[in-house]
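Colleague:
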Amino acid sequence: MNADFCNLLKESLPHDAVERLLCALSGTELSPTIRLNPFKTKGDVSENQCVLEVLKGAEELWCKGAFKLAERPDFTLDPAFHAGAYYVQDSSSMFPYLIADEIDSALGANGVLLDLCASPGGKSTHLISLFAKEGRIFLSNEALPKRTPALTDNLAKWGVSRLIATNRDPKNLGSLEGLFDVILADVPCSGEGMFMRSSDALNDWSLRTVEECAVRQRSIISDIWPALKEGGLLVYSTCTYNHKENSDNVRYIIDELGAEYVPVDKALAIVPGLLKLDYGYQFALGSVMGEGQFFAVLRKRSDVHGSNSLRSGGKIFKKLASSFYFNKIDNSIYYAPSDVAENMCSIAEAIEGGPSSGKRSDTASSALRYVKMFGCRVGSLKGSKVVPDADFALEAHKELFLFRFKELGAELQFTKEEVDRETALRFLARENITPLPEWKQGYVLLCYNSLGLGFINNLGNRCNNLYPQERRIRKRL
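Residue numbers (the numbering used here): 1148 to 1624.
The structure is reproduced here in structure tokens:
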């Protein structure tokens, strides 16, 4: 084991915790853990036909709706996984459950929550599960473009539309002064909590990397700080163990940015073995189940009141009937909940900059630059028809099958059909699907155990598979 790593551990954690951690690093692989999607599953696990197979012999965890599985299934070959019935996540990353009261109070009735470094979306989907209520908006941001598709795919699977996903640098979001009631910043780190999972993480580790990460983390928090409301909460977290990236940075936020440390010692009773540090709490391999996660809660104290003013560069979303919006940039129709739709439009347009920003005209681009997801994308306009989007198939609260958009002179109509596991997997692999005689022609939403998977266009003797190429199952069936 790297001597520098061991010495830094001894500076950061209690002696007995260090010994347990080092011993655990040479142990066997951890059992997989998952979180159920409360918007697509019922409270009684025995009623959830869609997840019964994966939950055979599973053990319920301290986090509501989370389970340790008896064995590792092939998630790729489970249609319920692709439909968003559950999320595979290390248990220590489920720590937002431990501070749910604090976050819920800070959000209030009409709060806006930002997951700053969100990809691949585990914490975003958890935050939505815990705090999605009428009046609230969620923004999930990922600064690295190559990591954004994983985020938007996982958010789409969760099926909740009161959210926006963006690809922006924290400094740009920091200009939205006083907008966010809560910011979760799971900042990029040296990844010491990943050592058991990845030998590369251990081989790439160095003291220099730790120092560079600590500097970068302080920069990220400083950049986003103006966007947090006075009295708002910052949840700072990493998947590493050392004090340089954890407690030292919390101390920096307190001393330099004007934050108040918020202790949440109740978490210690919920998770036996959770370590309490001077500033923050540590999941440590060997002390608790899970790969390792640090978190701390801080409240913003400042003499400067955030203005919460959004400056949009121009209208992007045209309101249609009900809660539908048309985006003329990508010729698509979107859905957003009526209680937050207008505020979501303002936020998205402020982040995007709008067509009249001088950087492009209405027709200069076929896509938004920074807003990668807005509510739920219903479909794209093609003459008098709307071609349904894959994300709309995953939306959790879909009950209608005919949508007329009079302002556009177009409509979307589809039927719904239940398919077996074999057909579901062939659809998810983008293979040809032979329609059954009783299926109606036109767009058909295919479902597995009542969970929406995606659309086909039934032409009668054959079907066009509309599942996105980039999401397809690549494993041989």
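Every residue gets a Cβ at the ideal spot worked out from N, C-alpha and C, and that includes glycine.
To which residues does DSSP link GLY1601 through a beta bridge?
Modeller: LEU1593, per the DSSP bridge assignment.
Colleague: Just curious, the beta strand (DSSP E) that ILE1480 is in, first and last residue?
Modeller: Counting along the chain, the beta strand (DSSP E) containing ILE1480 begins and ends at 1479 to 1482.
Colleague: By Cβ distance, which residues of its chain are closer than 8 Å to ARG1609, with the 5 residues on each side in sequence left out?
Modeller: ASN1579, THR1581, PRO1582
Colleague: Taking the C-alpha atoms as reference points, what is the distance between SER1446 and ILE1250?
Modeller: Correcting the residue type first, residue 1446 is Arg in the shown sequence and not Ser. Between ARG1446 and ILE1250, the C-alpha separation is close to 11 Å.
Colleague: Would you decide whether MET1341 is buried or exposed? Buried here means 16 or more other CB atoms lie within 10 Å of its CB.
Modeller: buried
Colleague: So, for ASN1605: in the same chain, excluding its five sequence neighbours on each side, which residues have a beta-carbon less than 8 Å away from its beta-carbon?
Modeller: PRO1582, TRP1586, LYS1587, GLN1588, GLY1589, TYR1590, VAL1591
Colleague: Which residues does DSSP list as the beta-bridge partners of LYS1465?
Modeller: PHE1473
Colleague: Could you tell me how far apart the beta carbons of ILE1303 and LEU1541 are, in whole angstroms, since I believe they sit closer than 8 Å?
Modeller: At residue 1303 the sequence reads Ala, which differs from the Ile that was named. Right, the Cβ-Cβ distance comes to about 5 Å (below 8 Å), so this counts as a contact.
Colleague: Compare the Cα-Cα distances from PHE1442 to each of ASP1486, LEU1245, LYS1189, LEU1183 and report the closest residue.
Modeller: Cα-wise, what sits closest to PHE1442 is LEU1245.
Colleague: Out of HIS1229, LEU1547, ILE1284, ASP1412, state which residue places its alpha-carbon closest to the alpha-carbon of SER1308.
Modeller: ILE1284
Colleague: Are there three or more Cβ pairs, one per stretch, closer than 8 Å when the segment 1343 to 1352 is compared with the segment 1170 to 1177?
Modeller: yes
Colleague: Could you tell me which uninterrupted alpha helix (DSSP H) segments, each at least 4 residues in length, are contained entirely in the segment 1243 to 1274, listed from first to last along the chain?
Modeller: 1247 to 1254
Colleague: Smallest Cα separation from ALA1431: which of MET1148, LEU1172, ASN1154?
Modeller: Among MET1148, LEU1172, ASN1154, the Cα nearest to that of ALA1431 is on LEU1172.
Colleague: Which residues does DSSP list as the beta-bridge partners of CYS1492?
Modeller: According to DSSP, CYS1492 bridges with nothing at all.
Colleague: Give the straight-line distance between the Cα atoms of LEU1254 and ALA1495, rounded to the nearest whole angstrom.
Modeller: 19 Å
Colleague: Quick check on the burial criterion: 16 or more other C-beta atoms within 10 angstroms. Buried or exposed for SER1485?
Modeller: exposed
Colleague: What does the Cβ neighbour count give for SER1597, buried or exposed, with the cut at 16 atoms within 10 Å?
Modeller: exposed
Colleague: Out of curiosity, what's the CA-to-CA distance linking PHE1214 and GLY1556?
Modeller: Using only the alpha carbons, I get a separation of about 48 Å.
Colleague: Report the option in LYS1376, MET1491, PRO1296 whose CA atom is closest to the CA atom of ILE1330.
Modeller: LYS1376
Colleague: For ILE1620, name the three-state secondary structure that DSSP assigns.
Modeller: DSSP places ILE1620 in coil when its eight states are reduced to three.
Colleague: Just to confirm, is the Cβ distance from GLU1359 to LEU1467 under 8 Å?
Modeller: no
Colleague: Leaving aside the five residues before and after PHE1550 along the sequence, list all residues of the same chain whose C-beta is less than 8 Å from its C-beta, in chain order.
Modeller: PHE1471, VAL1525, VAL1533, GLU1558, LEU1559, GLN1560
Colleague: Beta-carbon separation of SER1287 and ALA1265 under 8 Å?
Modeller: yes
Colleague: Can you say whether ASN1350 is buried or exposed, counting buried as having 16 or more other CB atoms within 10 angstroms of its CB?
Modeller: exposed
Colleague: Compare the Cα-Cα distances from ALA1290 to each of PRO1243, GLY1231, ILE1367, ALA1247 and report the closest residue.
Modeller: ILE1367
Colleague: Could you please give me the residues that DSSP links to CYS1523 through a beta bridge?
Modeller: TYR1482
Colleague: Residue range of the alpha helix (DSSP H) that TYR1635 falls in?
Modeller: Examination of residue 1635 is not possible in this model, given that the chain is present from 1148 through 1624 alone.
Colleague: Since ASN1611 sits in a beta bridge, which residues does DSSP pair it with?
Modeller: ASN1604
Colleague: Excluding the five sequence neighbours on either side, which residues of its own chain have a C-beta within less than 6 Å of the C-beta of LYS1519, listed in chain order?
Modeller: THR1295, THR1299, ALA1312, ASN1314
Colleague: Any heavy atom of the ligand FAD closer than 7 Å to the Cβ of GLU1249?
Modeller: No copy of the ligand FAD occurs in the structure displayed, which carries no ligand at all.
Colleague: Where LEU1183 and GLY1212 are concerned, what is the direct C-alpha to C-alpha distance, given to the nearest angstrom?
Modeller: 5 Å
Colleague: Using the Cα positions of THR1223 and ARG1619, report the straight-line distance between them to the nearest angstrom.
Modeller: 10 Å
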